[in-house]
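Participant: Heads up: the sequence lines are chains S and A, in that order.
Its first residue numbered 1416, the first sequence is counted upward by one per residue in this note's numbering.
Its first residue numbered 62, the second sequence is counted upward by one per residue in this note's numbering.
Following this message is one structure expressed as structure tokens.
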Amino acid sequence: GAVVSQHPSWVICKSGTSVKIECRSLDFQATTMFWYRQFPKQSLMLMATSNEGSKATYEQGVEKDKFLINHASLTLSTLTVTSAHPEDSSFYICSTASGDYEQYFGPGTRLTVT
Amino acid sequence: RKEVEQDPGPFNVPEGATVAFNCTYSNSASQSFFWYRQDCRKEPKLLMSVYSSGNEDGRFTAQLNRASQYISLLIRDSKLSDSATYLCVVNIGWGKLQFGAGTQVVVTP
């Protein structure tokens, strides 16, 4: 299957700052990538669908001005958490899709906002 | 109501025993179904897809009941390495996945 990397794997930042998370598809050209968030003991929740060369599609309740997504190439999508707050502390995971079937997940980024 | 519901467990299972658990989903237009495994603080990894006819992969057997909108997973001859959280996952189309919160399985020696 496809190999997906994320960077950083964990990050601690101060409240009010912005954090950028990178998601790279290492061996697969990903026209579509997905960004998920997982709070402790909860399910992964889809935040947005990132489309190469066009605007991301956000799920209901996800603020597009707060979670900026850029998908400028077929191998890289970035998620920027702007003006981070402690409640944004979570596990952020990206994935790419092979057709409409299996998805390949990155290893995740654990964000802690102090 | 959650879109994909699972018993959170934990299911404490003696090594070598069999454990089974289900999930239910609400979107009747769901197209494909999966079980993923998630270890603590790691990303989900695909365990197996679930087909209408039921399918088996080694010690793991999955069943799908579209009429009742539930999916099951059975693990035979449990190993210590099977300890994990098992996520029921539903593809609702366009690559969008809905995840259950997971069922924790703890296999004990």
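Backbone N, C-alpha and C fix where the C-beta goes; we use that ideal spot for every residue, glycine too.
Should A162 of chain A go down as buried or exposed, given a rule of 16 or more other Cβ atoms within 10 Å for buried?
Facilitator: Buried.
Participant: If the cut is a Cβ gap below 8 angstroms, which residues of chain S does A162 of chain A touch?
Facilitator: The contacting residues are K1456, Q1457 and S1458.
Participant: Between the region 149-160 of chain A and chain S, which residues of the former have a C-beta closer than 8 angstroms to a C-beta of the latter?
Facilitator: Under the 8 angstroms Cβ criterion, the region 149-160 of chain A contributes N152, G154, W155, G156, K157, L158, Q159 and F160.
Participant: Helix, strand or coil for E64 of chain A? Go by DSSP, reduced to three states.
Facilitator: Of the three classes helix, strand and coil, the one that applies to E64 of chain A here is coil, per DSSP.
Participant: How would you label N152 of chain A, buried or exposed, when you count the other beta carbons within 10 angstroms and need 16 or more for buried?
Facilitator: Per the 10 Å Cβ criterion, buried.
Participant: Run down chain A in chain order and give the residues with a C-beta less than 7 angstroms from the C-beta of I1508 of chain S.
Facilitator: Near I1508 of chain S (Cβ distances below 7 angstroms), the residues of chain A are E104.
Participant: Step through the CB atoms of chain A and report whether any lies within less than 7 angstroms of the CB of P1423 of chain S.
Facilitator: P1423 of chain S does not count as touching chain A.
Participant: So, with DSSP's three-state summary, where would you put E1502 of chain S?
Facilitator: Looking at E1502 of chain S - three-state DSSP - the assignment turns out to be helix.
Participant: Taking G154 of chain A as part of the beta strand (DSSP E), name the residues at either end of that continuous run.
Facilitator: From DSSP, the beta strand (DSSP E) with G154 of chain A extends over A145 to G154.
Participant: So which of S:S1430, S:M1460 and S:K1481 has the shortest CA-CA distance to H1500 of chain S?
Facilitator: The shortest C-alpha separation from H1500 of chain S is found at S:S1430.
Participant: Can you check whether the C-beta of F1482 of chain S is within less than 7 angstroms of a C-beta belonging to chain A?
Facilitator: It does not; no Cβ of chain A falls within 7 angstroms.
Participant: If the cut-off is 9 angstroms on Cβ atoms, which residues from the region 88-119 of chain A count as contacting chain S, listed in chain order?
Facilitator: If the cut-off is 9 angstroms between Cβ atoms, the region 88-119 of chain A has Q92, S93, F95, Y97, Q99, R102, K103, E104, P105, K106, L107 and S110 near chain S.
Participant: Residues of chain A with a CB under 8 angstroms from the CB of L1461 of chain S: which are they?
Facilitator: Those within 8 angstroms of L1461 of chain S in chain A are K157, L158 and Q159.
Participant: Does chain A have any CB closer than 7 angstroms to the CB of G1523 of chain S?
Facilitator: So, interface residue.
Participant: Got a sec: is the Cβ-Cβ distance from A1417 of chain S to anything in chain A below 7 angstroms?
Facilitator: Output row for A1417 of chain S: interface = no.
Participant: Just to confirm before moving on: does the CB-CB distance between V1419 of chain S and S1433 of chain S stay below 7 angstroms?
Facilitator: No, these two residues do not count as a Cβ contact at 7 angstroms.
Participant: For S139 of chain A, does the three-state DSSP call read helix, strand or coil?
Facilitator: It is coil, neither helix nor strand.
Participant: Would you kindly work out how many angstroms separate the C-alpha atoms of T1527 of chain S and A128 of chain A, rounded to a whole number?
Facilitator: For T1527 of chain S and A128 of chain A, the distance between alpha carbons rounds to 42 angstroms.
Participant: Can you look up Y112 of chain A in the DSSP assignment and give me helix, strand or coil?
Facilitator: Looking at Y112 of chain A - three-state DSSP - the assignment turns out to be coil, as it is neither helix nor strand.
Participant: Sort S:I1484, S:Y1507, S:I1508 and S:M1462 by Cα distance to G1476 of chain S and report the nearest one.
Facilitator: Selected option, being the one with the closest Cα: S:M1462.
Participant: Closest Cβ-Cβ distance between Q1445 of chain S and chain A: below 7 angstroms?
Facilitator: Before going further, note that residue 1445 of chain S is Ala rather than Gln in the sequence given. Not an interface residue.
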